[in-house]
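Asks: One structure follows; several queries about it will come next.
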Amino acid sequence: MRQDIIAKLDSEERNWLYKAIGRMVMADKKVESTEQRILFWALAGLAGSSDMTAIKKAMSSAYFMSPFKPLVGLPAVRAWDIFSEVVLTASTDSEFSPEEKKLLRQIIECLGFVNGKHELMAWAEQMAAAFGKEIELKSRLDELTGHQVNAHAPVHIEGDALKSDAEPVVNPEAPIA
Amino acid sequence: MRIEVLRMLSEEQRGWLYRAVAKLVLIDERLDNTEQNEFNEVMQALAGSLDMMDVQDLMRSESFSRPLTAPREITPERAWALFVELVRTAVVDARLATAEKAYLNNIMDCLGFAELGREPIFQWIELMAKAHSIENGFAVRLNQIIPQPKA
Numbered sequence: 000m001r002q003d004i005i006a007k008l009d010s011e012e013r014n015w016l017y018k019a020i021g022r023m024v025m026a027d028k029k030v031e032s033t034e035q036r037i038l039f040w041a042l043a044g045l046a047g048s049s050d051m052t053a054i055k056k057a058m059s060s061a062y063f064m065s066p067f068k069p070l071v072g073l074p075a076v077r078a079w080d081i082f083s084e085v086v087l088t089a090s091t092d093s094e095f096s097p098e099e100k101k102l103l104r105q106i107i108e109c110l111g112f113v114n115g116k117h118e119l120m121a122w123a124e125q126m127a128a129a130f131g132k133e134i135e136l137k138s139r140l141d142e143l144t145g146h147q148v149n150a151h152a153p154v155h156i157e158g159d160a161l162k163s164d165a166e167p168v169v170n171p172e173a174p175i176a
Numbered sequence: 000m001r002i003e004v005l006r007m008l009s010e011e012q013r014g015w016l017y018r019a020v021a022k023l024v025l026i027d028e029r030l031d032n033t034e035q036n037e038f039n040e041v042m043q044a045l046a047g048s049l050d051m052m053d054v055q056d057l058m059r060s061e062s063f064s065r066p067l068t069a070p071r072e073i074t075p076e077r078a079w080a081l082f083v084e085l086v087r088t089a090v091v092d093a094r095l096a097t098a099e100k101a102y103l104n105n106i107m108d109c110l111g112f113a114e115l116g117r118e119p120i121f122q123w124i125e126l127m128a129k130a131h132s133i134e135n136g137f138a139v140r141l142n143q144i145i146p147q148p149k150a
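Next up, the structure:
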C-alpha cells in the first residue's frame with residue numbers, strides 16, 4: 000500500500016480500502032506468499048493494531064464480512080485513489096478468479112463509477128498480468144542471480160496463514176524512519 | 000512506495016532504496032505529478048524536510064552523490080524486492096526513458112543480477128509501463144467515468 004494514498008484518506012475511506020484489499024486477497028480462498036504481507040497490513044490497518052488477536056477479530060468482524068456499501072459524498076478523485084490502490088495492491092495473482100472479478104465489480108459500483116466499467120476491469124486484468132510476470136520472474140531468481148529462491152508457496156487462509164515470517168513486528172501506524 | 004515493502008527492509012536497505020529512487024527521479028529530468036509524491040517521500044526521508052535548501056544540500060552531499068553500491072549481505076530475494084520497488088517508481092509515469100533504462104541496468108549490475116535474464120525483465124517493465132499508461136488515462140478523464148453532482 001502506498002503511504003501517500005493512505006495519508007489522503009479519512010478514517011472511513013481508509014477502513015473501506017483496507018476491507019476491499021483484504022476481501023480481494025481472500026476472495027479466491029487462498030493466500031499466495033506474495034499476498035500474505037498485504038493481507039496482514041490491510042487487516043492490521045483495519046484493526047488499528049498488529050496484534051494477531053486484534054487482526055483475527057477484524058477479519059471475522061461484521062464490518063469486514065458484510066457487503067460493500069457506497070461511501071456517501073466520496074469525491075471522484077478519492078474514489079479513484081481507492082480503486083487504483085485496490086487494483087495495485089490486491090491484484091498480485093497473474094489473473095483474477097471469478098470470485099475476485101465479482102468482488103471487483105461490486106467495488107467499482109460502490110465507488111460510484113458510472114462509465115468505463117469494462118475498461119476498468121480490463122485495466123485491472125492487465126495490471127494483474129504484469130504482476131503475474133513479476134512473480135514469474137521472481138520464481139526464476141536462481142537464473143537471474145545464480146541463487147535458489149522459492150517464490151511460489153501458496154498458503155491457505157484456514158489455519159495460520161497470517162502467522163508467517165511475513166508478519167511485521169511493528170506498529171503499522173508508526174512512522175517509517 | 001509500498002508500506003509493506005518498506006517495513007520489511009533494514010535501515011540500510013531502506014536508505015539504499017530512497018537514494019536509488021531519488022537518483023532515478025532526477026535522471027528523468029521531467030518530474031510529473033505521478034512522480035512528485037515519490038520524490039517528496041524520499042526527500043522527506045533523506046533530507047528530513049522538503050525545504051528546498053535542505054533538499055539542495057542533500058543533493059550536493061557526498062553521501063548522496065557517490066555511486067550506489069549493493070547493501071551489505073543482501074539476499075537475492077531482498078535484492079529483487081528493492082529492484083521491483085524501483086521499477087514500480089520508474090514506470091509510474093507510464094514511460095521508460097533511455098536514461099532510466101540504462102540506470103536500471105546499472106542497478107541490476109549493482110545488485111548482482113546476471114546479464115542473461117535482463118530481456119524478460121525489461122519486457123515485464125514495458126508491460127508495467129503500459130498498464131500505468133492506461134491507469135493515468137483514467138485519472139485524466141475521471142469526471143467522465145465518475146460524474147459528480149453539481150454543487
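One line per chain: the protein sequences are A and B, in this order.
The first sequence begins at 0 in numbering that gives the first Met the number 0 and counts up by one.
The second sequence begins at 0 in numbering that gives the first Met the number 0 and counts up by one.
Note that CB positions come from ideal geometry on N, CA and C, so glycine has one too.
What separation, rounded to the nearest whole angstrom, lies between the Cα atoms of A69(B) and C109(A)?
Replies: If you take the alpha carbons of A69(B) and C109(A), they lie about 45 Å apart.
Asks: Any heavy atom of the ligand ATP closer than 8 Å to the beta-carbon of Q147(B)?
Replies: The model depicted lacks the ligand ATP and carries no ligand whatsoever.
Asks: Could you check whether the Cβ of P70(B) sits closer than 9 Å to any Cβ belonging to chain A?
Replies: Closer than 9 Å: no.
Asks: A127(A) and V94(A) - do their beta-carbons sit closer together than 9 Å?
Replies: Sequence check: residue 94(A) is Glu here, not Val. Yes.
Asks: Where does V30(A) sit, in a helix, a strand or coil, going by DSSP?
Replies: In this structure, V30(A) counts as strand in the three-state DSSP scheme.
Asks: May I have a chain-ordered list of the alpha helix (DSSP H) segments no shorter than 4 residues that lie completely inside the region 54-130 of chain A?
Replies: As far as the region 54-130 of chain A is concerned, its whole alpha helix (DSSP H) runs of at least 4 residues are 61-64, 75-89, 97-109.
Asks: Going by beta-carbon coordinates alone, are G47(B) and E142(A) separated by less than 9 Å?
Replies: Cβ distance not < 9 Å, so G47(B) and E142(A) don't count as in contact.
Asks: Does the beta carbon of I26(B) come closer than 9 Å to any beta carbon on chain A?
Replies: By this cut-off, I26(B) is not an interface position.
Asks: Which of the three DSSP states is assigned to R140(B) in this structure?
Replies: Correct three-state label for R140(B): coil.
Asks: Does the Cβ-Cβ distance between C152(B) and L67(B) come in under 9 Å?
Replies: Any answer about residue 152(B) is impossible in this case: the structure gives chain B only from 0 up to 150.
Asks: Closer than 9 Å, Cβ to any Cβ of chain B: which residues of the region 86-111 of chain A, in chain order?
Replies: The residues in question are V86, L87, T88, L110, G111.
Asks: Output needed in chain order: residues of the region 77-95 of chain B with a Cβ under 8 Å from some Cβ in chain E.
Replies: Protein chains in the displayed structure are A and B, and chain E is not among them.
Asks: State buried or exposed for A121(A), treating a residue as buried only when at least 16 other CB atoms are found within 10 Å of its CB.
Replies: The residue in question, A121(A), is exposed, as its Cβ has fewer than 16 Cβ neighbours within 10 Å.
Asks: Is A98(B) closer than 9 Å to D27(B) when the C-beta atoms are compared?
Replies: Going by C-beta atoms, D27(B) is nearer than 9 Å to A98(B).
Asks: Whose C-alpha, out of N14(A), I134(A), T88(A), is nearest the C-alpha of A46(A)?
Replies: Nearest C-alpha to A46(A): N14(A).
Asks: Applying the 10 Å Cβ sphere with the 16-neighbour rule, what's the burial state of Y125(A)?
Replies: The sequence as given places Gln at residue 125(A); Tyr does not occur at that position. Counting Cβ neighbours within 10 Å, Q125(A) comes out buried, since at least 16 surround it.
Asks: Q55(B) and K132(A): beta carbons closer than 9 Å?
Replies: In this structure, K132(A) does not lie closer than 9 Å to Q55(B) by Cβ.
Asks: Look up R1(B) in the DSSP assignment and give the residues it is bridged to.
Replies: Answer by DSSP bridge pairing, in chain order: R1(A).
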